[in-house]
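So the working numbering is basically just the index in the sequence shown, starting at one, shifted up by 14. A virtual CB, placed ideally from N, CA and C, is assigned to each residue, including glycine. Take a look at the structure below.
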Amino acid sequence: ALIQQNAVPLTDFIQANSPEDEPFLCMAGVREYHDNPAHSGDPWLLHRGSGEGCLAFILDKIIKYGIIPIEQLQIQLPPAIVGMVVSPQAIQE
15 ALIQQNAVPL
25 TDFIQANSPE
35 DEPFLCMAGV
45 REYHDNPAHS
55 GDPWLLHRGS
65 GEGCLAFILD
75 KIIKYGIIPI
85 EQLQIQLPPA
95 IVGMVVSPQA
105 IQE
């Protein structure tokens, strides 16, 4: 599986069949993955002995592909100086 080779784009990690459907983790071992018609040729029993469906495996992948990339995200905000412009005629003596 691609996820085992560290080659899963983050956009492919969470999928939904349509905007109305609830998103799911698209990886072997997760029930929604195997129930999805796109993965009908990949039965859960093929992955059962590998540990791919266990909670520790799933949490490890969520951390690796969901949390760690966010930790490495760098946001740069340029400072903006906002001043108030007052016309000299508006200042009373």
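Skipping 5 residues on each side, what residues in its chain have a beta carbon closer than 8 Å to that of I77?
-> Residue mapping note: residue 77 aligns to position 63 of the sequence shown, counting from 1. No residues qualify anywhere along the chain.
I76, DSSP secondary structure in three states | Here the question's residue 76 lines up with position 62 in the sequence shown. Helix.
Does the pairing of the segment 34 to 53 with the segment 63 to 72 give three or more beta-carbon distances under 8 Å?
-> Taking 8 Å as the limit for Cβ pairs, the verdict is that the segment 63 to 72 does touch the segment 34 to 53.
Which residues does DSSP pair with I28 in a beta bridge?
-> The residue labelled residue 28 in the question sits at position 14 within the sequence shown. I28 is bridged to L39.
Would you kindly work out how many angstroms separate the C-alpha atoms of H48 and V96, rounded to a whole number?
-> As a first step, residue 48 must be located in the sequence shown, where it is residue number 34. As a first step, residue 96 must be located in the sequence shown, where it is residue number 82. Each residue's Cα considered, the two are about 54 Å apart.
Please report the residue range of the alpha helix (DSSP H) in which D49 lies.
-> Against the sequence shown, residue 49 aligns to sequence position 35. Counting along the chain, the alpha helix (DSSP H) containing D49 begins and ends at R45 to D49.
Please report how far the alpha carbon of A70 lies from the alpha carbon of A94, in whole angstroms.
-> The residue you call residue 70 lines up with position 56 of the sequence shown. The residue you call residue 94 lines up with position 80 of the sequence shown. Between A70 and A94, the alpha-carbon positions lie close to 45 Å from each other.
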